[in-house]
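Each residue of the sequence shown is one higher than the last, beginning at 1 in UniProt numbering. Note that the Cβ used here is the ideal one computed from N, Cα and C, for glycine as well.
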Amino acid sequence: MPKTVDHEQRRALIADALVRLAAREGLHAVTMRAVADEAGVSLRLVQYYFHSKAELLRGALAHLERQSVLRWEARLARLPGPVSARAFVEAFLAEALPSDEASRAFHLVGASYAVLAMTEPDLVAGLSGITGLEKRLAGVLRQARTDGELAVGLDPTIEAARLVALCHGIGTTVLIGQRGIRPARKILRHHVDQLFGTR
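Printed below as a string of structure tokens:
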């Protein structure tokens with residue numbers, strides 16, 4: 001009986017290899033052959049699932065974003081319910097900081113993609129990771145405003161965008177060694193306190 005092939009699993013294996021390679025050597029080191037070697041598969045297999053380097057890069061970025069969302073949702077699932085808006089935001093911030101190998105790779109490779117997108121905007125066209133993230137946070141903050149949890153006068157859409165931008169900026173300072181995880185968490189906690197009107 002022929003073996004059943006899990007195509008999504010193979011695509012994930014290849015995408016994970018690209019992320020490891022890019023986190024270790026930089027996005028400039030990514031080639032179809034280098035990713036195949038990193039994944040321990042043939043170049044033909046990589047080409048079967050990703051017909052070009054651009055397609056491979058887009059696929060890996062989408063995979064990276066999905067993995068980050070899954071880790072965030074796992075954090076949320078471990079919280080006692082119902083999850084408050086503040087706990088929801090804190091779970092996002094905890095996942096967003098490069099505090100372990102997975103989140104560090106996410107930040108490092110994500111930053112590399114952002115730089116590449118400046119000269120190759122088509123690379124990330126159609127990917128809605130950041131936009132989707134902001135919308136999800138804005139929805140939670142709108143509910144928090146309705147429930148009287150959000151500080152008075154704040155716009156949920158603007159605050160969601162600010163949260164994402166703050167995380168990216170603080171995460172980058174951690175990556176380059178400008179500040180440690182503990183001071184970064186203190187800054188984010190201060191912002192959350194202001195967001196929810198805690199004194």
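| request: Kindly list the residues whose CB is nearer than 6 Å to the CB of T173, restricted to its own chain and excluding five residues on each side of it in sequence; keep chain order. | output: As a working mapping, residue 173 is identified with position 173 in the sequence shown. Same-chain partners within the cutoff: R179.
| field | Segment limits, alpha helix (DSSP H) that includes V19 | value | Here the question's residue 19 lines up with position 19 in the sequence shown. Counting along the chain, the alpha helix (DSSP H) containing V19 begins and ends at 7-25.
| message | Using a Cβ-Cβ cutoff of less than 8 Å, which residues in the same chain neighbour L154 once the five nearest sequence positions on both sides are dropped? | response | As a working mapping, residue 154 is identified with position 154 in the sequence shown. Excluding residues within five positions, the ones whose Cβ falls inside 8 Å are L141, R145, L195.
| Would residue 205 pass as a contact of L108 if the rule is Cβ separation under 9 Å? | This structure leaves residue 205 out entirely; the chain is present only between 1 and 199.
| said: By the DSSP assignment, the alpha helix (DSSP H) with F106 in it spans what residues? | reply: The residue given as residue 106 occupies position 106 in the sequence shown. Segment 101-119, the alpha helix (DSSP H) holding F106.
| message | For S68, report the span of its alpha helix (DSSP H) as first-last. | response | One-based indexing of the sequence shown puts residue 68 at position 68. Counting along the chain, the alpha helix (DSSP H) containing S68 begins and ends at 53-77.
| field | Start-to-end residues for the alpha helix (DSSP H) that takes in I158 | value | Counting from one through the sequence shown, the residue named residue 158 turns up at place 158. Here the alpha helix (DSSP H) through I158 covers 156-175.
| query | Taking the alpha carbon of L133 as the point to measure from, which residue in E95, Y113, V115 has its own alpha carbon closest? | reply | Working through the sequence shown from its first residue, we reach residue 133 at position 133. With distances taken between Cα atoms, L133 lies closest to E95.
| query | Nearest CA to the CA of A29: which residue from P80, V192, K53, T131? | reply | Here the question's residue 29 lines up with position 29 in the sequence shown. Nearest option by C-alpha distance: K53.
| residue 200 versus Y48: straight-line alpha-carbon distance, rounded | Outside the displayed range of the chain (1 to 199) lies residue 200, so it cannot be described from this structure.
| query | If we ignore side chains and look at the alpha-carbon of each, how far apart do L123 and E101 end up? | reply | Here residue 123 is taken as the residue at index 123 of the sequence shown, counted from 1. Here residue 101 is taken as the residue at index 101 of the sequence shown, counted from 1. C-alpha of L123 to C-alpha of E101: approximately 25 Å in a straight line.
| field | Euclidean distance between Cα positions of P2 and R136 | value | Counted from its first residue, the sequence shown places residue 2 at position 2. Counted from its first residue, the sequence shown places residue 136 at position 136. Any answer about P2 is weak, because its pLDDT of 49 lies below 50 and its placement is not dependable; what the coordinates show is given next. One Cα belongs to P2, the other to R136, and the distance between them is close to 43 Å.
| request: Could you spell out the range, first to last residue, of the alpha helix (DSSP H) harbouring D37? | output: Within the sequence shown, residue 37 is the residue found at index 37, counting from 1. In the DSSP assignment, D37 falls within the unbroken alpha helix (DSSP H) covering 32-39.
| message | Check this for me: beta carbons of L70 and Y113, under 9 Å apart or not? | response | If you number the sequence shown from 1, residue 70 lands on position 70. If you number the sequence shown from 1, residue 113 lands on position 113. Cβ atoms of L70 and Y113: not closer than 9 Å.
| field | Counted within 10 angstroms of its Cβ, other Cβ atoms place A60 as buried (16 or more) or exposed | value | In the sequence shown, residue 60 corresponds to position 60, counting from 1. Buried, because 16 or more other Cβ atoms sit within 10 Å of the Cβ of A60.
| Excluding sequence positions up to five away, which residues of its chain have a Cβ less than 7 Å from the Cβ of E159? | Along the sequence shown, read from residue 1 onward, the residue named residue 159 stands at position 159. Within the same chain, Cβ atoms closer than 7 Å to the Cβ of E159 are found at L141, L195, the five residues on either side in sequence being excluded.
| Does the Cβ of E65 lie closer than 8 Å to at least one heavy atom of the ligand GTP? | Looking for the ligand GTP in the displayed structure turns up nothing, as the structure carries no ligands at all.
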